[in-house]
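Residue numbers (the numbering used here): 129 to 1070.
Have a look at this one:
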């Protein structure tokens, strides 16, 4: 064999033999070309939308469409399994070897198997690929890889070729018949990488190699796809940029490829080589992945790596994990049974799962172990019990016939272990191969090959027609069933109708109520198969729609199902549904059209009493017709927080008294309780509220909640309006007044129009100027003489009337009472000529000069009006108005002269301005313009 660089095929492949191989593969490819629509991925003629196994070619049609069906009976392999479901595998043969075995795989028909070995024991670098005969265990062919370990190997789908990957970073392909090399190609993508697993595509046209890191510092890794004929690379990609890939498998139809990485599982579409789905719920390295033969499940096998490893099962369509088994040691390999019903897991060497194979049921909600096969497990594989002496199972595969498993063991107990199902698994003395029912110890013969045993009861499913193949299962097993409904023709009232088989009551309506055909060929099905007067049950409550009481014809709604049948027997009457459209009700003992069945939306609260209540309970007696039932011993009234019956059976406007105060909770009803959550006794302003003083008015509406004699206060002044009560309000509309001690009709408070400033004096009530003297007067003559704008009225014998009612005054005299004395001189302002001057008060002659002796300008003529003011003479007559009193004026009638110093009858004053410079400055007189009788020489009489 000549090794060629990656992406380059060997030049000498075009020989005759290779051309034959090309033709063979081409024919294979033709076989796999889809013949259906573009949406039929697996090409089995079932569109993906209707195909129950869209990535696995299949021909099933009975239970599922388009799924693998090995025996062609229409039922898919998964529901018609040939693998023993109870397990029962026994060790049949052990090929002990001196070196560790890492791979064991059957070819397509199970006639051969290959193994991979490392010479020198665990960790050796010399590898072997061997091909064995399955039956004889004879070695047929082998290839030695001197100096290199073989990491994985695989068969082509037709068994014609094998391929292997080594730690020399190469992929090698061989003819399986003679291990002649087909090609070799480098898988190297950089330092620190290694090919971990290899897998042929289902049609044999491609080989997938997953490359991952060979050390913790390495970064190179990818998935490589090669042409299976010449080794040329088709594509390469790095899912998730992970660079760490350890396992690979193809979907059954080759349209998808499954890749196990570091914690992630990737599904890629092989047409476009783009990602279809990523599942990242795993932990650690994914040592192995597997795709179920029917394409609906994938399995992943995790390395332990210091925390619990798991074998996981996923649904392909959704990517949802269906179950996960936590192992005590690394999960090394995993594969499905050929019928997709089970999966076998190979474990490493440690603890409870060490050195074991475990078989699990696929269709389970949690990990369900079917069988366990173990190599020797010294000390239980625990570290304290000799676990280091336990072996590791590196590889496992399931034979196509389902009864045979091989496993590759290394580390200890090196070799290939062969496991077969117990030859008589049911222990009935008949070998599985000869036993028509290998898992049923009560049956072993099936003369007519109809799947039912010849042994009679009490054997399981005894064939009552053992010489005639039949499919009946309901009345008898294994008899002719023309219409395939499970009932033998002998006992089938409708032998040619697969939907019906009996009419027990002979009413013409067949008994199978699951017959949903529309229109039904019999007019309907019999919902009450043992009552000839009933057949329809519209509401499916088990009671018939027909009725026997003719009076109901006018009462029942016209659209209700059922007809009148008056010939029913007493027992048949029990099947009548009084309420044919209500699935919860069917009987009505008291005839009030409410059903007897309790705990439903229309249950009769009083089954044997005709009634029409609707609110608290249905159809009980309701005296006042308000919808609330009358209470009884078992149904207390709605009172004091208990019961729901009518607390007021004669009042249709009330029904509940939750606080038990005798007033109904309906606010708009008779005596409606204004305080429904409080037991109250008020009855006038509001009913049923707190009334502390018991006067009938609620505390909230009673201004005097603690005084039973008062309850209203119209003006809000704190005095009650009840004249006969405590502290009555004599002024009900005046918030400023309440009482009137002196009975004068004016309130005792000195405010407002009705206020009394003299609450204890009946003749006085107002004091306009607030000086303490009342405005009312007692002098009848004043009625007309008094200023009409002044406040006050005439009151006979009025007490201390204010003589100055509009002016504040403190005078108390009879003639000055209530008048002001501004200057505080003891003389009232109204009698004080000088009210602002305490030194003056009298001016008898009214000339403006005070009569008072201490006045600064005392009137020298107090009884004579005068205007004099000069010469210290005030208030005397001044005839010429020159300011000098006539008694002191030498010229009393000449206004420009008043003094004649020299007595010559000429006055001292002058009016000629020219004299101003000639007169002596010491001369008497003043310059007065136009002065008369001027004396040129006032000091000279001559």
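For glycine and all other residues, C-beta sits at the position ideal for the given N, C-alpha and C.
Please read these numbers as outputs of a predicted model, since none were measured by experiment.
About 17 angstroms separates the CB atoms of residue 944 and residue 926; that is not less than 8 angstroms, and the two are not in contact. Here residue 511 is exposed: its Cβ has fewer than 16 other Cβ atoms, across all protein chains shown, within 10 Å. The Cβ neighbour count for residue 642, taken over all protein chains shown within 10 Å, is under 16; the residue is labelled exposed. Look at the beta carbons and you see the stretch 414-429 touching the stretch 377-385: at least three pairs across the two are nearer than 8 angstroms. Beyond the five residues adjoining it in sequence on each side, residue 707 comes within less than 7 angstroms, by CB distance, of 713, 714, 723 in the same chain, given in chain order. Its Cα nearest to that of residue 1024, the residue 1039 stands out among 733, 1032, 1039.
Of the candidates 321, 210, 740, 192, 210 places its Cα closest to the Cα of residue 199. Taking every protein chain shown into account, the CB of residue 691 has fewer than 16 other CB atoms within 10 angstroms, so this residue is exposed.
Residue 453 has 439 as its beta-bridge partners, per DSSP. In its chain, beyond the 5 residues on either side, 603 have a beta carbon closer than 6 angstroms to the beta carbon of residue 619. Per DSSP, the unbroken beta strand (DSSP E) holding residue 378 starts and ends at 375-378.
The shortest CA-to-CA distance from residue 1063 to any of 1043, 1034, 1045 is the one to 1034. Restricting attention to beta strand (DSSP E) runs no shorter than 3 residues, the stretch 785-821 encloses none. If you look at residue 322, you'll find it in the beta strand (DSSP E) that goes 321-328. Shown here, residue 677 sits in coil according to DSSP, grouped into three states, outside any helix or strand. Annotation for residue 309: the continuous beta strand (DSSP E) segment containing it runs 309-314. With respect to the C-alpha of residue 263, the residue from 254, 235, 332 having the closest C-alpha is 235. For residue 911, the enclosing alpha helix (DSSP H) has its first and last residue at 910-913. Linking residue 824 to residue 784 through their CA atoms gives a straight-line distance of about 22 angstroms. Counting only residues of its own chain and dropping the five nearest sequence neighbours on each side, residue 892 has a CB closer than 7 angstroms to the CB of 886, 902, 904, 926, 927. Beta bridge pairing from DSSP links residue 222 with 545.
For the set 1042, 1048, 1047, the Cα lying nearest the Cα of residue 1057 is the one of 1042.
Here the C-alpha atom of residue 861 lies approximately 11 angstroms from the C-alpha atom of residue 847.
Partner residues in a beta bridge of residue 967, as assigned by DSSP, do not exist. In the three-state DSSP reduction, residue 930 falls in the coil class, being neither helix nor strand. DSSP places residue 959 in the helix class (H, G or I) of the three-state scheme. For residue 700, the enclosing alpha helix (DSSP H) has its first and last residue at 698-701. As computed with DSSP, residue 246 is found in a beta bridge with 228, 255. 8 angstroms or more divides the Cβ of residue 475 from the Cβ of residue 454.
When DSSP states are grouped into helix, strand and coil, residue 173 belongs to the coil group. Shown here, residue 415 sits in a strand according to DSSP, grouped into three states. Per the Cβ contact rule, the stretch 310-320 is not in contact with the stretch 264-275 (fewer than 3 Cβ pairs under 8 angstroms). Sequence-distant Cβ neighbours of residue 983 in its own chain, meaning closer than 7 angstroms and more than five residues away, are 967, 968. Three or more beta-carbon pairs separated by less than 8 angstroms are not found between the stretch 229-246 and the stretch 580-595, which leaves the two stretches without contact.
Across the structure, residue 971 and residue 987 are spaced so that their CA atoms are roughly 8 angstroms apart.
Assignment of residue 368 by DSSP, reduced to helix, strand and coil, places it in the helix class.
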